[in-house]
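Structure record follows, encoded as structure tokens.
There are 2 protein chains.
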Amino acid sequence: MAKVKVNKKELFELSSKLLAMYGVPEEDARTVAASLIDADARGISSHGVVRLVQYAERLKKGLVNPKPEIRTERFGCLLSVDGDNGLGQIVAMRTLEKCMELALEIGGVFAFIRASNHFGAAGYYTRMAAERGYAAFATSNAGPSVPPYGGIEPMLGTNPFSFSFPAGKYGDFTIDCATSAAAKGKIRLYAREGKEIPLGWAMDADGNDTTDAAKAVLGGLLPMGWHKGYGLAMATDVLCGLLSGGKLSHESESMYGCSAAAGTGHFFWLVRIDKLTDVKLFEARAEAWFDELKASRRRPGVDEILIPGEIENRLFAKSEETIEIPESVVCDIKNAMCEGGCSI
Amino acid sequence: MAKVKVNKKELFELSSKLLAMYGVPEEDARTVAASLIDADARGISSHGVVRLVQYAERLKKGLVNPKPEIRTERFGCLLSVDGDNGLGQIVAMRTLEKCMELALEIGGVFAFIRASNHFGAAGYYTRMAAERGYAAFATSNAGPSVPPYGGIEPMLGTNPFSFSFPAGKYGDFTIDCATSAAAKGKIRLYAREGKEIPLGWAMDADGNDTTDAAKAVLGGLLPMGWHKGYGLAMATDVLCGLLSGGKLSHESESMYGCSAAAGTGHFFWLVRIDKLTDVKLFEARAEAWFDELKASRRRPGVDEILIPGEIENRLFAKSEETIEIPESVVCDIKNAMCEGGCSI
């Protein structure tokens, strides 16, 4: 996918404007735009502004509520949240703020969220919490694309999860990944470029292992680590679908669908680090540990041992003014704005 | 590994007696024996009574405290536990009981445990919580055996995790697995039988991928799902090592070492299902979901789609009176008892 450099601020304004055109309050539009641009700035284009046109499309069709009334019930350290079919970023950010507030008071919190939508990269929320002194976990279910282990029919979502904590000079540690071996978008990209995919990423439509990306596009994704990713994807679905009182992956609609509310669910847990240990000591130990891991002997052909999130943070530091995004995105956004009645 | 059928009750008495010989109070000895025998009854021999002799060995050398004074501090929904170098099962069970009690009151709980030892199968604790109406997560760090992603030197433990919830007619859902691609014990077994291991399980001593089990025994384990298992193993270490105020994997000693206290850490979180949703509805939805997954179309050569924990629960149901354990285990236990001064 060819990329172009664009001015970050301009893209932010353009993105916010597009969402506002479809009835999203200005502040909320900026919240969503900021999350997508953050992903692009960290090199995670799959979760960046490339998604924006799809968000607009679903708002236009009335499949997403631009002005949700998010309702939260609390029992002890549990929050149960009804997202009222709002944009995932809005539902998630409002919940995250409540989580941080409550964890400050009682040390930790669990939040179970139903009736939401695609919330972008899970790591956006956990990293934000880490920057404010929390260890945080986030996961979300998604429309079905992954068959159960041994099966052919997609019944589970890619159900990604993220975990972050603050790490001194390293900024933060953030693991943010799908429970499938690879993302469908990545396989599509390989197919477009005529490249073979590694064995273990996907099956063809008949359920056979394949390295043929074009065939894999028509088949199901394989879970990461065999039965392990399958178990993790199911665990996510229980947290986001059953315990939230919402939909399971196979009951929910993909963000690329266009017939119903998605019904996506999310799950967060946060703990306040300073209620458990001395934060300075915690960060100093994390730093020393990372230093040691990075200085350890490497496998042949490996240039550097990386800490989860390190590459993304380096890219982010370099993208203060401009970011690289897929070439077609700006054009797509402008087209969507024209369709929405705005001449630019 | 050849297996023999033994009477479950007799093995339980024998196992408890061995631990009691080394100063473990009778009730605690029975707690530990029960956890190991439960693993054998579910077909997880790697975490069964085969570990007992090693526990006895470490008690004998004074490396494990048979009568720990477990101290727990609480802040809100956070428990911080010092295991006082007790047997992992004792530290974990005491903590689990406190967790269940507290979650009943405030909906959920996080427990960070330091200065413990090998606690057997993580699923033992989460399954027990599931049977009592909780969704539960458990993880533990362990002595170093897995290099960082791209590295050769073992710096992380196999750092297993487990997640369970109750599931009506299915009993429970339990995923219980290492964050490494395979267990070292499994690779040793392949080496003994002269079998090749799958690519992706381990590297040789020089860091090259290998299918030669004998060479893999001398090298490091690979993480499950490439960088994903690496990130998960690190997340476990932060929870069990840094947030608990205890040791990281590479600072702790393997249960097979014999020079120092292990310093193993654990982490639990539990939520009380009935504080979030109607339990009957929850279980009915889980059952229907499992039924649907199991009835979905299968890949060529696959006889049955399984729910995580299903095989283990079937084996357990068949092992009410007798269980199968590795042939050498009874003999090893009896030898250890003789060494301890008991003539049987």
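If you read the sequences in order, they're chains A and B. Remember, my numbering sits 1 above the position in the first sequence when you count from 1. Remember, my numbering sits 1 above the position in the second sequence when you count from 1. Glycine residues also receive a C-beta, built at the ideal position from the N, C-alpha and C atoms.
- Between the segment 70-84 of chain B and chain A, which residues of the former have CB atoms less than 7 Å from a CB of the latter, in chain order? PHE76, GLY77, CYS78, LEU79 and SER81
- Range covered by the alpha helix (DSSP H) that runs through LEU80 of chain B: No alpha helix (DSSP H) holds LEU80 of chain B; the beta strand (DSSP E) holding it covers 79-83.
- Using a beta-carbon distance below 7 Å, is MET156 of chain A in contact with chain B? yes
- Taking DSSP as the reference, what is the three-state secondary structure of MET225 of chain A? coil
- Message: With a threshold of 8 Å, are at least 3 pairs of Cβ atoms found where one atom belongs to the segment 313-332 of chain B and the other to the segment 269-284 of chain A?
- Response: no
- Item | Residues that TRP290 of chain B contacts on chain A, provided the C-beta gap is smaller than 7 Å | LEU249
- Measuring CA to CA, which of A:MET204, A:GLY144 and A:VAL303 is closest to ASN160 of chain A? A:GLY144
- Establish whether the CB of MET225 of chain B and some CB of chain A are separated by less than 7 Å. yes
- Query: Using a beta-carbon distance cut-off of less than 8 Å, what residues from the segment 159-176 of chain B approach chain A?
  - Reply: PHE164, PHE166, PHE174 and ILE176
- Query: When you compare only the Cα positions, how much space is there between SER320 of chain B and ALA42 of chain B?
  - Reply: Within the model, the alpha-carbon separation for SER320 of chain B versus ALA42 of chain B is close to 6 Å.
- Query: Is it buried or exposed for ASN8 of chain A, if we count other Cβ within 10 angstroms and need 16 for buried?
  - Reply: exposed
- Query: For LEU97 of chain B versus VAL33 of chain B, is the C-beta distance shorter than 7 Å?
  - Reply: no
- Message: Taking beta-carbon pairs under 8 Å, can you tell me which members of the segment 90-120 of chain B lie near chain A?
- Response: GLU106, ILE107, GLY108, GLY109, VAL110, PHE111 and PHE113
- Proximity of VAL218 of chain B and ILE188 of chain B at Cβ, strictly below 7 Å: yes
- Query: Looking at chain A, which residues of the segment 121-133 of chain B have a Cβ within less than 7 Å of any of its Cβ atoms?
  - Reply: none
- Item | One or two residues paired with PRO167 of chain B in a DSSP bridge | Under the DSSP definition of a beta bridge, PRO167 of chain B partners with B:ASP173.
- Message: Please report whether the beta-carbon of SER297 of chain A lies at a distance below 7 Å from any beta-carbon of chain B.
- Response: yes
- Item | C-alpha distance - PHE120 of chain B paired with PHE113 of chain A, whole-angstrom precision | In this structure, the CA atom of PHE120 of chain B is about 30 Å from the CA atom of PHE113 of chain A.
- Message: Strictly by DSSP, which residues pair up with ILE114 of chain B?
- Response: B:VAL82 and B:HIS267
- Item | SER250 of chain A beta carbon less than 7 Å from that of ASN142 of chain A | yes
- Consider the Cβ of PRO301 of chain B: report whether some Cβ of chain A lies at a distance smaller than 7 Å. So yes, PRO301 of chain B belongs to the interface.
- Residue from A:GLY172, A:ASP279, A:GLU305 and A:PRO327 with nearest C-alpha to HIS48 of chain A: A:PRO327
- Check whether the Cβ atoms of SER165 of chain A and ALA122 of chain A sit closer than 7 Å, and answer yes or no. No, they are not a contact pair.
- Answer yes or no: does any C-beta atom of chain A fall closer than 7 Å to that of THR212 of chain B? Not an interface residue.
- Message: Which residue wins for smallest C-alpha separation from ARG31 of chain B, given the options B:ALA40, B:TYR171, B:TYR23 and B:LYS18?
- Response: B:LYS18
- Which value, in whole angstroms, describes the spacing of the CA atoms of PHE283 of chain A and PHE291 of chain A? 12 Å
- Message: For LYS185 of chain B and ALA214 of chain B, which I take to be in contact (beta-carbon distance under 8 Å), what is that distance rounded to the nearest angstrom?
- Response: Actually they are not in contact, since the Cβ atoms of LYS185 of chain B and ALA214 of chain B sit about 11 Å apart, beyond 8 Å.
- Task: Kindly indicate which three-state DSSP category CYS178 of chain B falls into: helix, strand or coil?
- Result: strand
- Query: At a CB-CB cut-off below 9 Å, which residues of chain D make contact with GLY341 of chain B?
  - Reply: Chain labels in this structure do not include chain D; the protein chains are A and B.
- Message: Once the 5 residues before and after GLY230 of chain A are set aside, which same chain residues still bring their CB inside 6 Å of it?
- Response: THR180 and PRO224
- Per-residue contacts from GLY232 of chain B into chain A (C-beta, under 8 Å): PHE164, ILE176, CYS178 and PRO309
- Which residue comes first and which comes last in the beta strand (DSSP E) that contains LYS4 of chain B? 4-8
- Query: Which residues share a DSSP beta bridge with SER419 of chain A?
  - Reply: This structure cannot speak to residue 419 of chain A, because chain A is shown only from 2 to 345.
- Name the two residues that bound the continuous beta strand (DSSP E) containing PHE76 of chain B. 72-76
- Interface partners of GLY151 of chain A on chain B, CB under 8 Å: ARG299, ARG300, VAL303, GLU305, ILE306 and LEU307
- Query: Does the segment 147-156 of chain B come within contact of the segment 256-264 of chain A, defined as at least 3 CB pairs closer than 8 Å?
  - Reply: Taking a contact to require three or more Cβ pairs closer than 8 Å, the segment 147-156 of chain B and the segment 256-264 of chain A do not qualify as touching.
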